[in-house]
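J.: This structure is in structure tokens; I'll ask about it shortly.
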Amino acid sequence: MKKIDNCKIIIFGASGDLTKRKLIPALFDLYCQGELPKEFSILGVSRTEYSDEEFRKHVDEGVKKYSERKENDPKLLEKFIKNIYYLAIDTAKADDYAKVKDKMSEISKESQKDNYIYYLSTPPKLYSFIAESLQKQGMTEQNDQTGWRRMIIEKPFGYDLDSAKKLNQELFNFLKESQIYRIDHYLGKETVQNIMVFRFANSIFEPLWNQKYIERIEITSSESIGVEDRGGYYDGSGALRDMIQNHMLQILGMITMEPPSVFEANAIRNETLKVFQSLRQMNKEDVDKMVIRGQYTESKVKGEKLKGYREEKDVAAESKTETFVALKLFIDNWRWGGTPIYIRSGKRLPTRVTEVVITFKNTPHNLFKNSAVNQLIMRIQPHEGLLLKFGMKNPGAGFDVKAESMDFHYDEIKEYVPTAYERLLLDCMMGDQTLYTRHDAVEACWTFVQPIIDAWKENPEIKVYGYPAGTWGPMEADNLIEGEDLTWHYPCKNLTNDDSYCEL
Ligand SMILES: NC(=O)c1ccc[n+]([C@@H]2O[C@H](COP(=O)([O-])OP(=O)(O)OC[C@H]3O[C@@H](n4cnc5c(N)ncnc54)[C@H](OP(=O)(O)O)[C@@H]3O)[C@@H](O)[C@H]2O)c1
Numbered sequence: 001m002k003k004i005d006n007c008k009i010i011i012f013g014a015s016g017d018l019t020k021r022k023l024i025p026a027l028f029d030l031y032c033q034g035e036l037p038k039e040f041s042i043l044g045v046s047r048t049e050y051s052d053e054e055f056r057k058h059v060d061e062g063v064k065k066y067s068e069r070k071e072n073d074p075k076l077l078e079k080f081i082k083n084i085y086y087l088a089i090d091t092a093k094a095d096d097y098a099k100v101k102d103k104m105s106e107i108s109k110e111s112q113k114d115n116y117i118y119y120l121s122t123p124p125k126l127y128s129f130i131a132e133s134l135q136k137q138g139m140t141e142q143n144d145q146t147g148w149r150r151m152i153i154e155k156p157f158g159y160d161l162d163s164a165k166k167l168n169q170e171l172f173n174f175l176k177e178s179q180i181y182r183i184d185h186y187l188g189k190e191t192v193q194n195i196m197v198f199r200f201a202n203s204i205f206e207p208l209w210n211q212k213y214i215e216r217i218e219i220t221s222s223e224s225i226g227v228e229d230r231g232g233y234y235d236g237s238g239a240l241r242d243m244i245q246n247h248m249l250q251i252l253g254m255i256t257m258e259p260p261s262v263f264e265a266n267a268i269r270n271e272t273l274k275v276f277q278s279l280r281q282m283n284k285e286d287v288d289k290m291v292i293r294g295q296y297t298e299s300k301v302k303g304e305k306l307k308g309y310r311e312e313k314d315v316a317a318e319s320k321t322e323t324f325v326a327l328k329l330f331i332d333n334w335r336w337g338g339t340p341i342y343i344r345s346g347k348r349l350p351t352r353v354t355e356v357v358i359t360f361k362n363t364p365h366n367l368f369k370n371s372a373v374n375q376l377i378m379r380i381q382p383h384e385g386l387l388l389k390f391g392m393k394n395p396g397a398g399f400d401v402k403a404e405s406m407d408f409h410y411d412e413i414k415e416y417v418p419t420a421y422e423r424l425l426l427d428c429m430m431g432d433q434t435l436y437t438r439h440d441a442v443e444a445c446w447t448f449v450q451p452i453i454d455a456w457k458e459n460p461e462i463k464v465y466g467y468p469a470g471t472w473g474p475m476e477a478d479n480l481i482e483g484e485d486l487t488w489h490y491p492c493k494n495l496t497n498d499d500s501y502c503e504l
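Take the sequence shown: its position 84, counting from 1, is numbered 84 in this note's numbering, and each next residue is one higher.
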């Protein structure tokens, strides 16, 4: 892609955790690879009082701790930091945005034409207000004289279907869809993008990629940590909103979409949208049968006492917020009609892992007394890679079938793998929206999730199952899987909290 020679990044919510831990380190990593435009600067904006120098010191610590390139020449970091500025404003006061305009004019003194990215890393209630306030200052208008104006919007995009629609509508008063970049950092992960390449650059699997040959699809995303210090936010959100509505459904879109006619943002986004629109809607009875919600309870793992969710800081003592969800769903289209798809995500599970497991159907006729399961496992994180399981003859007399596997690990590639935020920030600079979520896709995902939210709200008798912290969630989640004696694919060899058991 053609590199641009000028870009100014204005981060709202610059004193926050995301800016320090992810955004500035990702920009530094891009800088180290020579990927940033010749002329670039970063302006941090939030309410906390910092001078330029104090803010530079604050982000310098973040880069040193979190950058993938922290071992680089310290001089490079010094040079990079000089391009960073800060402005304290009352972000809830429209008039204060005139100061942003003034500061940008100061920073850009020599540029005739500037390209701006506004990165909204604030609480979501401010998203449309910031867009409106920038528009009032004439800062969202783009033409040949001004350069382009783009806005990256952090998750969560909406709290439910109505609020997501409202936010889209409000943003459209100030910006065009082509200026809005709704970020889902899962799509920035190399291994998630590889799903498309794996499917559409090879002819081996695609003929089998349908309900005729695939028995079931599972997507698991687990975290071993609890809510940490985000209890206040999480208690109003829960696993369904925080993980399923966005990240998990986006991965599902990539796994199940039709091949696009060209590899271009709208063609790809049209195909994932069709998947989201084909998700079978659930009614109250379906929710009761097909969705299991759980909440972690106190337990002891390797001698360490782990708190229950309700004992966490800023969590209501009677909270019914789910820290675990497992669901079974169907895509009602020609390719996937009848294939069960299982998704689960949770906190305080035995390990941190995200993976997709495709289980192929058995052979039509079994010639041998035993058989092997054909599975393709796409590991998104950690130990990123692919693993294919198949049956081989057990050497020696007879025809015993033995399960074997072939695998590929990303860390065998010696090349640098960019982080999700690096990739997505660079894409935004290039004007590539492929890995950002379009307004209709966000709404389609909320449309699928909304009946589950409603059923839980309106029917308190739908259980919230407890599960001891450090286990794979409520046992009831296993009962979702169709077929005798079948369970989820467990990524770890045993059920203790130990990442070393999580090899692919
Ligand atoms: N952290 C993550 O890993 C992560 C991951 C995905 C998405 N996100 C999303 O990214 C956004 C930022 O996350 P974060 O973790 O950086 O949050 P955070 O640490 O709480 O930071 C929020 C930022 O917003 C600023 N802010 C401006 N106006 C505010 C107001 N009226 N009330 C409260 N804060 C205000 C705060 O700074 P001042 O108080 O100085 O104004 C602060 O810089 C959130 O929407 C979050 O959902 C975060």
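Using N, Cα and C, we set each Cβ at its ideal position, and we do this for glycine too.
So, I343 versus L327, is the Cβ gap smaller than 8 Å?
T.: Closer than 8 Å, so yes.
J.: Would you call D411 buried or exposed, if buried means 16 or more other Cβ atoms sit within 10 Å of its Cβ?
T.: By the neighbour-count rule (16 or more Cβ atoms within 10 Å), D411 is not buried but exposed.
J.: Roughly how far, in whole angstroms, is the beta-carbon of S178 from the beta-carbon of L18, given that I think they are within contact range, below 8 Å?
T.: The pair is not a contact, with the Cβ atoms about 24 Å apart (cut-off 8 Å).
J.: Going by DSSP, what residues sit across from Y299 in a beta bridge?
T.: The question names Tyr, but residue 299 in the sequence shown is Ser. In DSSP, S299 forms a bridge with L306.
J.: Could you give the residue range of the beta strand (DSSP E) that holds D407?
T.: First-last of the beta strand (DSSP E) with D407: V401 to H409.
J.: Between the alpha carbons of I11 and K347, how many angstroms are there, rounded?
T.: Going by the C-alpha atoms only, they are around 29 Å apart.
J.: Which word fits L426, buried or exposed, when buried means at least 16 other C-beta atoms lie within 10 angstroms of its C-beta?
T.: Classification for L426: buried.
J.: Less than 7 Å between the CB of A164 and some heavy atom of ligand 1, yes or no?
T.: Not so, every heavy atom of ligand 1 lies at least 7 Å from the Cβ.
J.: Would you kindly work out how many angstroms separate the C-alpha atoms of E510 and C32, rounded to a whole number?
T.: Examination of residue 510 is not possible in this model, given that the chain is present from 1 through 504 alone.
J.: In its own chain, which residues sit with a C-beta less than 6 Å from the C-beta of T220, not counting the 5 before and 5 after it?
T.: Cβ neighbours of T220 beyond the five flanking positions: R344 and E355.
J.: Does DSSP put A469 in a helix, in a strand, or in coil?
T.: Here A469 sits in coil by DSSP.
J.: Return the Cβ separation of E49 and A88 in integer angstroms, given the expectation that the two are a contact with Cβ distance under 8 Å.
T.: Confirmed, about 5 Å.
J.: Looking at V353: is its Cβ nearer than 8 Å to the Cβ of Q381?
T.: Yes, they are a contact pair.
J.: Excluding the five sequence neighbours on either side, which residues of its own chain have a C-beta within less than 8 Å of the C-beta of D499, listed in chain order?
T.: Low confidence applies here, because D499 scores a pLDDT of 46, under 50, leaving its location unreliable; read the following figure in that light. Result list for D499: S224, T351, R352 and P382, in chain order.
J.: Identify, in the order they occur along the chain, each residue of the same chain with its Cβ nearer than 7 Å to the Cβ of S128, setting aside the five sequence neighbours on each side.
T.: So the list reads L167, E170 and L171, once near-sequence residues are dropped.
J.: The alpha helix (DSSP H) with W149 in it runs from where to where?
T.: Looking at the sequence itself, residue 149 is Arg, so the reference to Trp does not match. Unbroken run through R149 is the beta strand (DSSP E), R149 to I153; no alpha helix (DSSP H).
J.: Check F28 in the structure and name its three-state DSSP category.
T.: Helix at F28.
J.: Sorry if obvious, but does the Cβ on K347 come closer than 7 Å to a heavy atom of ligand 1?
T.: K347 Cβ: outside cutoff for every heavy atom of ligand 1.
J.: Considering T487, what are the terminal residues of the alpha helix (DSSP H) in which it resides?
T.: Element bounds for T487: n/a, residue is neither H nor E.
J.: Distance check for Q250 and L387, CA to CA, integer angstroms please.
T.: Spanning the two alpha carbons is a distance of roughly 21 Å.
J.: Kindly indicate which three-state DSSP category Q169 falls into: helix, strand or coil?
T.: Q169 falls in the helix class under three-state DSSP.
J.: Run through DSSP, which three-state label would F200 get?
T.: Of the three classes helix, strand and coil, the one that applies to F200 here is helix, per DSSP.
J.: Counting Cβ pairs, one atom from each stretch, are 3 or more of them under 8 Å apart for the segment 276–290 and the segment 223–243?
T.: Output reads no: the segment 223–243 does not touch the segment 276–290.
J.: How many angstroms separate the CA atom of T496 from the CA atom of Y490?
T.: Because the pLDDT at T496 is just 40, under 50, the model does not fix this residue reliably, and the point stays unresolved.
J.: Buried or exposed, going by whether 16 or more other CB atoms sit within 10 Å of the CB of W456?
T.: Buried, since its Cβ has 16 or more Cβ neighbours within 10 Å.
J.: Quick one: what does DSSP say S133 is sitting in, helix, strand or coil?
T.: Here S133 sits in helix by DSSP.
J.: So Q381 is in the beta strand (DSSP E); what residue range does that whole segment cover?
T.: Its beta strand (DSSP E) spans residues Q375 to Q381.
J.: In terms of alpha-carbon separation, which member of Y86, E443, N115 and N6 lies closest to R56?
T.: When only C-alpha atoms are compared, the closest one is Y86.
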